[in-house]
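Single-structure report; data block below.
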Amino acid sequence: MNLLKIAFRNIFSKPLNTILSLVLLGFGVGIISLMLNVEQNLQEQFDRDIKDIDMVLGAKGSPLQLILANVYHVDAPTGNISRKEAERIAKHPYIEEGIPLAYGDNYRSYRIVGTTPQLHEHYGVAIAEGELFSATYSATIGSAVAEATGLKIGDNFFSAHGLTDETDVHTNHAFTVVGIFEPSGSVIDKLLLTPMESIWGVHEYVEEETGEKPDEEITAMLLKKKNPMAIMALPRMLEDTNMQIALPSIEINRLQTNFGIGMGTIQAIAYVVIFLSILSIFISLFNSLRERKYELALMRTMGASQGKLFSLIILEGLSLTFMGMVFGLLLSRVGLWILASVLKSSFQYDFGNLWLVPSEWLLVVMTIFVGIVASLLPAFTAVKIDISKTLADG
Amino acid sequence: MLKSTNIEFQYPNGPSFQFPDVNCEAQEHLLLLGESGKGKTTLLHLLAGMLRPTRGSISIAGKDTSGLTNAQMDAFRGEHVGIIFQTAHFVESLSVEDNLVLPHFLNNKKVNKQKAASILDRLNLKHKLKQFPKNLSIGEQQRVAIARALMNDPSVVLADEPTSALDDKNANEVIDLLEEQARLSGASLIIVTHDQRLKDRFQKRVTL
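Protein sequences, first through last, are from chains A and B.
Just so we're aligned: 199 in this note's numbering is position 199 of the first sequence, and the numbers increase by one with no gaps anywhere.
Adding 1000 to a residue's 1-based position in the second sequence gives its number in this note's numbering.
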């Protein structure tokens, strides 16, 4: 026999009240925890993919689109730019490195990106099997691509025009898989990398039709700055060209601020749910106290100190809060698991780690604190019970 | 074992009472008789330390209780006084067994489930040990309440109108039981009642 046992017996002697409190608190905590996790994961993913890319050079259009297309590979590119022009910018003394990207084709909706070894080296992704692409039409593929498509080293495949569907397949040149990257959690996981010559080669026939030379064009160039002045100086060089420079940190920040309004609303609703659930814990404690007044007076006549009754009521409130919170955290994990399995195909966001993220600890501490506060008034009421009067009236 | 001297009690903004002295030796049985409104329950609560007298003193097991703080009084009562109320009440969420060991736990003593079983056995209720109080008949509940009052081997057992709701047969049985169990536990027994049927059963009587 101990206080916790009595507390639990009391809690579960009113199962409906208890379930209501637990469900309310569980959902409140669950929604907030889910959002904190998604936010944290997205943030990590954003940061991992931005990784020291200070600027992106590409065709004029929406700067956000430029970033989404070329850093995260989730949006369509803004257009092509001249390779020569881009290289001129990349050679600017303020720029440390420029990584060219040329793409426009997909294999089963995974992008085939023509680039140089700079790209995977920039993300620090090693090769798990096979070797790095070198010859034209050789490809080293990301781990998620390999997993989803079943492509193995030595396999051949054709690219399809565009970034999503396979209606227009380029059958003039077959690609060969020569290597597979290790999983890194970065954008490399979902790309097929090949030399830029492959992309140009596949599109040679376009040249005949339009008279443009594809080998003079790339999609974008990722820039790392040497000197912070680059951010000021470079845009001036782009006047009278079809090019623009976008800063990933600024664009993503803007995106998150806009997202943030939606997130903030859901979060506010979740906090209201938490408040309601704590209120319901408070009310059910208070109600049960009225019914149990005689019991509590009885316990006093059997020698229970006021402190013991105080602890008992606090313990009941705290146990309810704790159980509701654990229930909520479990709920959010189930939600995360569902999200992860749904998003895996399109975004590859990895929700591997299910332990508490740092911001959740604040949620835990806050919830427990509010739970204790809600138990305080009932606990003081329990202590103040006039045993003689209660028993005489009983 | 229990001795009260010149006690008076004044309810805040309410009636005041003057009580005759009560003196109950160890293992003695005493009847406190009084009509309604004479302050029977008030006296019982005073003797149990749930109310503190405005004047006069009460000593239990040789200890003057007027000097005790409320917290000390709670602990002292738990240790030395067993109380049986007019209607039996329990912690509803706990089994009969847990209700019986509650006085041990609440007094920070080692919980002795064997004792609960043996006292219940004396009252022919051992088979109800794992049941919940609300599933017991009123008579069974009253017997469990008697068992609970004896769990801490009290010096004094106080019973408040234990027979008022019972017919002659049951009233006699409960009193037999109370007397027998108090004797077996070596406790003094004080019964507060207005029930005139009990008058002739006790040699020692105090009338309010």
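Ideal Cβ positions, reconstructed from N, Cα and C, are used throughout, including at glycine.
8 Å Cβ cutoff, glutamate 251 of chain A in contact with chain B: Mapped onto the first sequence, residue 251 of chain A falls at position 251. No Cβ of chain B is located within less than 8 Å of the beta carbon of glutamate 251 of chain A.
Whole-angstrom distance between histidine 203 of chain A and glycine 61 of chain A, CA atom to CA atom: One-based indexing of the first sequence puts residue 61 of chain A at position 61. One-based indexing of the first sequence puts residue 203 of chain A at position 203. Rounded to whole angstroms, glycine 61 of chain A to histidine 203 of chain A spans 23 Å at the Cα level.
Within chain A, the residues that glutamate 1079 of chain B reaches when beta carbons sit closer than 8 Å: Looking up residue 1079 of chain B in the second sequence gives position 79. Close to glutamate 1079 of chain B, with beta-carbon spacing below 8 Å, are these residues of chain A in chain order: Gly303.
Neighbouring residues, chain A, relative to valine 1111 of chain B (Cβ below 7 Å): Translated into positions along the second sequence, residue 1111 of chain B becomes position 111. Taking the beta carbon of valine 1111 of chain B as reference, the chain A residues within 7 Å of it are Met1, listed in sequence order.
Proximity test, Cβ basis, 8 Å: isoleucine 1083 of chain B and chain A: If you number the second sequence from 1, residue 1083 of chain B lands on position 83. Taking CB atoms only, isoleucine 1083 of chain B has a neighbour in chain A less than 8 Å away.
Within-8 Å CB hit, glutamate 1092 of chain B to chain A: Position 92 of the second sequence holds residue 1092 of chain B. For glutamate 1092 of chain B, the answer is yes, since a Cβ of chain A falls inside 8 Å of its Cβ.
CA-to-CA distance, leucine 238 of chain A to alanine 405 of chain A, given in whole angstroms: As displayed, chain A neither begins before 1 nor continues past 394, which places residue 405 of chain A out of reach and without an answer.
Proximal residues of chain A, C-beta to C-beta of phenylalanine 1105 of chain B below 8 Å: One-based indexing of the second sequence puts residue 1105 of chain B at position 105. Taking the beta carbon of phenylalanine 1105 of chain B as reference, the chain A residues within 8 Å of it are Met1, Asn2, listed in sequence order.
Neighbour list for arginine 48 of chain A in chain B, Cβ cutoff strictly below 8 Å: Mapped onto the first sequence, residue 48 of chain A falls at position 48. Taking a Cβ-Cβ threshold of 8 Å, none of the residues of chain B is close to arginine 48 of chain A; the smallest such distance is about 52 Å.
Chain B contact residues for asparagine 10 of chain A, given Cβ-Cβ distances below 7 Å: Counting from one through the first sequence, the residue named residue 10 of chain A turns up at place 10. Contact of asparagine 10 of chain A with chain B by beta-carbon distance below 7 Å involves Ser1093.
Residues that isoleucine 387 of chain A contacts on chain B, provided the C-beta gap is smaller than 7 Å: The residue given as residue 387 of chain A occupies position 387 in the first sequence. Within 7 Å Cβ-Cβ: Met1050.
Beta-carbon neighbours of valine 1101 of chain B, restricted to chain A and to distances below 7 Å: By 1-based counting over the second sequence, the position of residue 1101 of chain B is 101. Per Cβ cutoff of 7 Å: Met1.
CB contact below 8 Å: glutamate 295 of chain A versus chain B: Residue numbering aside, residue 295 of chain A sits at position 295 when the first sequence is read from its first letter. Glutamate 295 of chain A counts as touching chain B.
Any C-beta of chain A under 8 Å from that of alanine 1075 of chain B: Translated into positions along the second sequence, residue 1075 of chain B becomes position 75. Yes, contact with chain A.
Buried versus exposed call for glycine 150 of chain A [16 or more other C-beta atoms within 10 Å across all chains shown]: The residue labelled residue 150 of chain A in the question sits at position 150 within the first sequence. Exposed, by the Cβ-count rule.
Spatial distance of alanine 139 of chain A from valine 342 of chain A (CA atoms): By one-based count along the first sequence, residue 139 of chain A stands at place 139. By one-based count along the first sequence, residue 342 of chain A stands at place 342. Alanine 139 of chain A and valine 342 of chain A: Cα-Cα distance of roughly 28 Å.
Boundaries (first-last residue) of the beta strand (DSSP E) holding proline 378 of chain A: Here residue 378 of chain A refers to the residue found at position 378 when the first sequence is read from its first residue. In the DSSP annotation of this structure, proline 378 of chain A is not part of any beta strand (DSSP E); the continuous alpha helix (DSSP H) holding it starts and ends at 358-384.
Alanine 1159 of chain B beta carbon less than 8 Å from that of isoleucine 1058 of chain B: Along the second sequence, one-based indexing puts residue 1058 of chain B at 58. Along the second sequence, one-based indexing puts residue 1159 of chain B at 159. Between isoleucine 1058 of chain B and alanine 1159 of chain B, the C-beta spacing is not below 8 Å.
Inter-residue Cα distance where the pair is isoleucine 6 of chain A and serine 1036 of chain B: Translated into positions along the first sequence, residue 6 of chain A becomes position 6. Translated into positions along the second sequence, residue 1036 of chain B becomes position 36. Each residue's alpha carbon lies about 37 Å from the other.
Sequence-distant residues of its chain with Cβ nearer than 7 Å to serine 401 of chain A (five each side left out): The structure shown does not extend to residue 401 of chain A, since chain A spans only 1 to 394, so no value can be given for it.
contact_flag[the segment 218-227 of chain A, the segment 76-95 of chain A] where n(CB pairs < 8 Å) is 3 or more: These segments touch.
Interface flag, aspartate 1167 of chain B vs chain A, CB-CB below 8 Å: The sequence position of residue 1167 of chain B within the second sequence is 167, counting from 1. It does not: the Cβ of aspartate 1167 of chain B has no partner Cβ on chain A nearer than 8 Å.
Residue burial classification, glutamate 316 of chain A (beta-carbon count within 10 angstroms, cutoff 16): What you label residue 316 of chain A is simply residue 316 of the first sequence in a count that begins at 1. Around the beta carbon of glutamate 316 of chain A, 16 or more other beta carbons sit within 10 angstroms, so the residue counts as buried.
With 16 other Cβ atoms within 10 Å as the buried cut-off, status of serine 346 of chain A: Indexing the first sequence from 1 puts residue 346 of chain A at position 346. With a pLDDT of 49 at serine 346 of chain A, under the threshold of 50, the modelled position of this residue cannot be trusted, and the question is left open.
Entirely enclosed alpha helix (DSSP H) segments - the segment 53-129 of chain A, minimum 4 residues: Fully contained in the segment 53-129 of chain A are the following alpha helix (DSSP H) runs of length 4 or more, in chain order: 63-67, 83-90, 118-123.
The segment 1140-1156 of chain B / the segment 1107-1120 of chain B touching (three or more Cβ pairs under 8 Å): At 8 Å Cβ cutoff, the stretches touch.
Neighbourhood of leucine 20 of chain A by C-beta distance below 7 Å, restricted to the same chain and skipping five residues each side: Counting from 1 along the first sequence, the entry for residue 20 of chain A is found at position 20. Annotation for leucine 20 of chain A: Ser280 place their beta carbon closer than 7 Å to its own, counting only its chain and skipping 5 residues before and after.
N- and C-terminal bounds of the beta strand (DSSP E) containing glutamate 1008 of chain B: In the second sequence, the residue the question calls residue 1008 of chain B occupies position 8. Taken as a continuous stretch (DSSP letters only), the beta strand (DSSP E) holding glutamate 1008 of chain B covers 1002-1010.
Proximity winner among A:Ser388, A:Thr241, A:Gly371, relative to lysine 84 of chain A (alpha-carbon distances): The residue you call residue 84 of chain A lines up with position 84 of the first sequence. With distances taken between Cα atoms, lysine 84 of chain A lies closest to A:Thr241.
Cross-chain neighbours of aspartate 1098 of chain B in chain A, by beta carbon under 7 Å: In the second sequence, residue 1098 of chain B corresponds to position 98, counting from 1. Met1, listed in chain order.
Beta-carbon neighbours of arginine 300 of chain A, restricted to chain B and to distances below 7 Å: Start at 1 with the first residue of the first sequence, and residue 300 of chain A comes out as number 300. The CB of arginine 300 of chain A comes closer than 7 Å to the CB of Asp1074 in chain B, given here in chain order.
Sheet register partners of isoleucine 245 of chain A (DSSP bridge): Counting from one through the first sequence, the residue named residue 245 of chain A turns up at place 245. Beta-bridge pairing links isoleucine 245 of chain A to A:Leu57.
Exposed unless 16 or more other CB atoms sit within 10 angstroms - verdict on asparagine 70 of chain A: For the purposes of this step, residue 70 of chain A is identified with residue 70 of the first sequence, where counting begins at 1. Under this definition asparagine 70 of chain A is a buried residue.
Any 3 or more C-beta pairs closer than 8 Å across the segment 1048-1067 of chain B and the segment 1002-1016 of chain B: Three or more pairs of CB atoms, one per stretch, sit closer than 8 Å, so the segment 1048-1067 of chain B contacts the segment 1002-1016 of chain B.
Residues from the segment 1025-1043 of chain B in contact with chain A, defined by Cβ distance under 9 Å: Flagged, chain order: Thr1041, Thr1042.
Supposed contact pair serine 277 of chain A and serine 33 of chain A - C-beta distance, whole angstroms, cut 8 Å: As a working note, residue 33 of chain A is residue 33 in the first sequence. As a working note, residue 277 of chain A is residue 277 in the first sequence. Contact flag wrong, Cβ pair sits at about 14 Å.
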